[in-house]
Structure formats: structure tokens, C-alpha cells
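Participant: Numbering (this note's numbering), first residue to last: 24 to 462. Sharing a structure with you now.
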């Protein structure tokens with residue numbers, strides 16, 4: 024069963040990576056016309072939903088099962104059906120693409136059914152492990168504690184989705200409809216990602232033989248839980264879940280409820296970090312660099328607005344400006360987790376008996392993917408400094424040389440990262456379907 028979860032997560036990542044390449048080509052000078060304008064939006068939606076949502080949550084379900092030594096069977100088939108339908112709609116280019124946040128949506132019945140199946144599988148998995156999580160929440164073992172926290176957050180995510188349904192409004196405005204529907208649960212999803220990133224880092228330390236105990240550090244998880252519990256009530260308390268007042272609260276939650284605990288954990292990890300040139304030390308270092316790069320961009324964009332609001336509550340709240348700085352931020356944070364999960368997958372190939380020795384390409388693959396994503400994030404960030412718009416096809420919106428150079432840098436980073444992703448996916452499939460694979 025663990026093999027099937029591992030395979031599903033890697034296939035989801037591979038399909039999402041393919042669509043990421045299509046989306047990046049559509050933004051890169053000189054070659055963007057290779058991609059039809061309409062297909063750009065389907066590719067970027069499919070990329071986010073498969074490489075980020077699909078990969079992260081299926082791999083998290085796998086890690087939960089390994090932590091508590093359980094097997095989830097029924098959730099697997101729901102998740103498989105969901106990923107298949109989402110990929111099918113994205114690749115065929117049918118329906119209308121809606122570039123809302125957190126779960127960008129293709130307005131088509133097959134996509135809705137796919138999303139329903141996928142999240143039903145995720146939440147069934149959360150409920151199936153809830154009793155174990157309730158016992159593990161106070162554990163000093165980092166993996167058991169963080170897995171328990173993320174399982175509890177998955178239940179909060181479901182509750183936030185249910186409270187959001189009545190406030191979604193009319194489907195006449197599709198963007199606002201889906202934005203309201205996913206705003207509160209989408210924020211909780213980011214907390215789950217953050218907690219599982221910490222899980223991955225501690226796992227990399229454990230693989231290196233550095234076993235840590237959290238001690239009092241486990242109590243900072245109260246911030247994860249308390250802010251996500253508040254997010255459940257955002258659609259109830261606020262007339263509009265995406266109003267300016269609601270956005271102030273959600274941004275504050277990111278800065279304090281998510282950011283501060285992670286910084287405490289980073290300090291603790293760095294105190295115990297031993298620099299090395301091996302796969303796992305390298306992956307942790309590059310993952311941390313990507314995360315800090317993404318977080319720096321976010322704090323630089325959000326803090327001025329938060330400070331301005333506390334000084335003068337009547338002032339307009341802006342948050343991060345809607346330009347390419349936003350995807351620069353979340354690609355830094357997200358690919359930090361992708362890289363950490365990839366490296367854990369390498370370990371699982373050996374741990375679960377699929378291979379006795381990893382390919383010599385594993386370390387170069389980590390460097391290739393990590394370096395590519397650093398260039399990708401920097402390219403988007405520099406373009407965002409000149410207010411290059413996000414979610415926009417082609418380069419016709421500007422003739423600014425700095426923006427064009429930045430987008431070119433993004434394109435180079437994309438090629439490196441996609442090459443790294445392709446190496447990982449192909450090697451993973453070879454290992455999982457190899458003759459020595461356990462049944």
C-alpha cells in the first residue's frame with residue numbers, strides 16, 4: 024500500500040511538472056508563442072493542483088502512515104480518481120480556467136468531481152488517523168508530534184471548507200465564488216504544508232543519525248492550532264471572507280501563527296546542523312535557502328502594510344502587491360518542501376526495500392532542481408519589483424529590459440528545475456517498477 028501512495032504522489036508531481044514547463048514557456052521571451060494563450064491558464068492551474076496540492080497532500084498522507092505504522096486503503100482510491108480527473112481536464116484544455124488562489128479551478132464538472140474525490144480521500148485519511156494524532160500531539164518525537172499537528176489541521180481545513188460554502192456567493196462572478204470558497208481552507212492548507220516542511224527537515228536530520236527531541240519547543244505548535252482554529256470562523260464572522268478585514272487577519276496568521284514557530288524550529292535545527300556534502304545535508308541546506316528566500320519576499324511585501332495598519336487602522340490595507348513577487352514568494356516556500364520531499368523519497372526507496380543503492384545522479388539532481396528554483400524565484404522577484412503582472416500570458420505587457428532579463432532568468436531556472444524534476448520522476452518510476460521492488 025505504501026508503494027501505491029508513493030507512486031501516486033510521484034506521478035502527480037511529474038504531471039504537474041510537465042504543465043509547469045508549458046506555463047513557463049508561455050511567459051518566456053522569444054518562445055512564448057509556442058503555447059496558445061488559452062492553454063496557458065489550463066497549464067498553470069494543472070501545475071498548481073497536481074505538483075503542489077496533489078503531490079504535497081498525497082506524500083503527507085504517506086508520511087503520516089509511515090509515522091503511525093498504518094495503511095490507508097480507501098483514501099488511496101479516492102485520491103487516485105481525483106488526480107486522474109484533474110490531470111485529464113488540465114491536459115485536454117476543456118472548461119474555463121479560473122485563476123483564484125490556493126486551488127485554482129477549471130470550471131468544468133469533471134474538475135469538480137476530481138477535486139471532490141481528491142479531498143474526500145485526504146480528509147478520510149485524516150479521520151482514519153485522528154485517534155493516533157490525539158495521542159501523539161504531546162510527543163517529544165519531532166516526526167510524531169508534527170504529523171499529529173498536521174492531521175488535526177486537516178480536520179480544521181474540512182471545517183473551514185464547510186463554513187465557506189454558504190459565503191461563496193453567486194457563480195455569476197466565478198473568480199470571487201472560488202476565491203471565497205477556498206480562502207479559509209486554503210490558508211489552513213498552507214499551515215499543513217509548513218508543518219510538514221518541518222517534519223521533512225527533522226526526518227532528514229534523523230536519516231543523518233541526528234535524533235532530536237523537541238522538549239518545550241512542541242508548545243509553539245499552539246500557534247499553528249490557534250490561528251487555524253480562528254480561520255474556521257472567518258466565513259462566519261466576516262460578511263465577505265476575502266474582505267480587507269479578513270485579509271488582515273489571514274496575513275497576520277501567516278506572519279505570526281506560521282512564520283514564528285517555523286523560525287523557532289529553524290534556530291533549533293541550525294544549532295544541531297552538521298554541514299556535509301552528502302545528499303541529505305545538501306538537500307536540507309538548499310531547501311532552507313529556498314524557504315528563507317520565499318519568506319523574505321513575503322515579509323518584505325506584507326510587513327509594511329501591517330505596520331501601517333497598526334499605526335493608522337483607517338488606512339487602506341494593501342498586503343503584497345499583485346505582481347510576480349507573489350509567485351516568487353510561494354515558489355520559494357513551496358519548492359523548499361518539494362525538494363525536501365524528493366530527498367525523503369530517495370531514502371524511502373532504500374528503507375522500503377525497492378533498491379539497495381541510490382543512483383549517483385541523486386545528488387546532482389538535488390543541485391540541479393534546487394539551483395534552478397533559486398534562479399526561477401529570483402527572476403520572478405526582480406520582475407515583480409518592476410510590477411510585472413502575475414498570471415499573464417506572454418511578454419507583451421512590457422518592453423522594460425530589466426523585466427525581460429528577469430523573465431529570461433526565470434526561463435533558465437525553469438529548464439534546470441524541470442530537468443531535475445524529470446530525472447527524479449524517471450528514476451523514481453524505474454525504482455518503483457524495478458524487479459527488486461517488493462510486492
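Beta carbons: idealized from backbone N, C-alpha and C, even for Gly.
Going by the beta-carbon positions, is the gap between residue 309 and residue 352 smaller than 8 Å?
Facilitator: Going by C-beta atoms, residue 309 is not nearer than 8 Å to residue 352.
Participant: Does DSSP put residue 130 in a helix, in a strand, or in coil?
Facilitator: Three-state DSSP puts residue 130 in a strand.
Participant: Based on DSSP bridge pairs, tell me the residues matched to residue 121.
Facilitator: Bridge partners of residue 121: 128.
Participant: What number of angstroms, rounded off, separates the C-alpha of residue 8 from the C-alpha of residue 163?
Facilitator: Because the chain spans 24 through 462 in this model, residue 8 falls outside it and cannot be assessed.
Participant: Is the distance from the Cβ of residue 179 to the Cβ of residue 255 below 8 Å?
Facilitator: Their beta carbons are under 8 Å apart, which means residue 179 touches residue 255 by this criterion.
Participant: So for residue 160, helix, strand or coil by DSSP?
Facilitator: Note: residue 160 maps to coil in three-state DSSP.
Participant: Inspect the CB distances between the segment 168-177 and the segment 132-144 and report whether three or more fall short of 8 Å.
Facilitator: At 8 Å Cβ cutoff, the stretches do not touch.
Participant: Does DSSP put residue 96 in a helix, a strand or coil?
Facilitator: Correct three-state label for residue 96: coil.
Participant: Excluding the five sequence neighbours on either side, which residues of its own chain have a C-beta within less than 6 Å of the C-beta of residue 32, listed in chain order?
Facilitator: Taken in chain order, the residues that qualify are 78, 81 and 82.
Participant: May I ask which residues mark the beginning and end of the alpha helix (DSSP H) holding residue 255?
Facilitator: It spans 244-255 - the alpha helix (DSSP H) in which residue 255 sits, taken as one unbroken run.
Participant: Classify residue 283 as buried or exposed, calling it buried when 16 or more other Cβ atoms lie within 10 Å of its own Cβ.
Facilitator: With fewer than 16 other Cβ atoms within 10 Å, it is exposed.
Participant: Does the segment 114-121 come close enough to the segment 195-202 to have 3 or more Cβ pairs within less than 8 Å?
Facilitator: Yes, they touch.
Participant: So, with DSSP's three-state summary, where would you put residue 219?
Facilitator: Helix at residue 219.
Participant: Could you tell me the alpha carbon to alpha carbon distance between residue 243 and residue 102, rounded to whole angstroms?
Facilitator: Cα-Cα distance, rounded: 32 Å.
Participant: Just to confirm, are residue 228 and residue 235 a CB contact at a threshold of 8 Å?
Facilitator: Cβ atoms of residue 228 and residue 235: closer than 8 Å.
Participant: Looking at the structure shown, is residue 341 part of a helix, part of a strand, or coil, going by DSSP?
Facilitator: Confidence in residue 341 is poor, its pLDDT being 45 and thus under 50, which makes the residue's placement too unreliable to answer from.
Participant: What's the C-alpha gap between residue 436 and residue 76?
Facilitator: Going from the Cα of residue 436 to the Cα of residue 76 covers about 22 Å.
Participant: Is it buried or exposed for residue 536, if we count other Cβ within 10 angstroms and need 16 for buried?
Facilitator: Outside the displayed range of the chain (24 to 462) lies residue 536, so it cannot be described from this structure.
Participant: Would you kindly work out how many angstroms separate the C-alpha atoms of residue 219 and residue 193, rounded to a whole number?
Facilitator: One C-alpha to the other measures close to 35 Å.
Participant: Which residue from 370, 41, 30 and 44 puts its Cα closest to that of residue 304?
Facilitator: It is 370.
Participant: Taking the alpha-carbon positions, what's the residue 280 to residue 457 distance?
Facilitator: When rounded, the distance between both Cα atoms is 44 Å.
Participant: Unbroken alpha helix (DSSP H) runs of length 4 or more, entirely within the segment 424-461: which are they?
Facilitator: Listed in chain order, they are 424-455.
Participant: Helix, strand or coil for residue 381? Go by DSSP, reduced to three states.
Facilitator: In the structure shown, residue 381 sits in coil (DSSP, three-state: anything other than H, G, I, E or B).
Participant: Quick check on the DSSP output: the alpha helix (DSSP H) that includes residue 264 runs from which residue to which?
Facilitator: Per DSSP, residue 264 belongs to no alpha helix (DSSP H) and is neither H nor E.
Participant: Just checking my contact of residue 116 with residue 61 at CB under 8 Å: how many whole Å lie between their CB atoms?
Facilitator: That pair is a contact at about 7 Å.
Participant: For the candidate residues 349, 438 and 183, whose alpha-carbon lies nearest to that of residue 393?
Facilitator: Of 349, 438 and 183, the residue nearest in Cα terms is 438.
Participant: What separation, rounded to the nearest whole angstrom, lies between the Cα atoms of residue 183 and residue 259?
Facilitator: Taking the straight line from one Cα to the other gives about 10 Å.
Participant: Using 8 Å for Cβ pairs, my map puts residue 73 next to residue 110. What's the rounded Cβ distance?
Facilitator: Confirmed, Cβ separation roughly 6 Å.
Participant: Are there 16 or more other CB atoms within 10 angstroms of the CB of residue 295, so buried, or fewer, so exposed?
Facilitator: With fewer than 16 Cβ atoms within 10 Å of its Cβ, residue 295 is classed as exposed.
Participant: Hey, how far is the Cα of residue 166 from the Cα of residue 42?
Facilitator: So the alpha carbons of these two residues sit roughly 32 Å apart.
Participant: Since residue 284 is in the alpha helix (DSSP H), which residue starts that stretch and which ends it?
Facilitator: Per DSSP, residue 284 belongs to the alpha helix (DSSP H) from 282-294.
Participant: Pick from 105, 429 and 301: whose alpha carbon is nearest that of residue 231?
Facilitator: Among 105, 429 and 301, the Cα nearest to that of residue 231 is on 301.
Participant: Among 348, 89 and 356, which residue has its Cα nearest to the Cα of residue 406?
Facilitator: When only C-alpha atoms are compared, the closest one is 348.
Participant: Pull up the CB-CB distance for residue 362 and residue 306, whole angstroms please, since I reckon it's below 8 Å.
Facilitator: Between residue 306 and residue 362 the Cβ distance is about 6 Å, and since that is below 8 Å, they are a contact.
Participant: Can you tell me the Cα-Cα spacing of residue 145 and residue 430, whole angstroms?
Facilitator: Cα-Cα distance, rounded: 36 Å.
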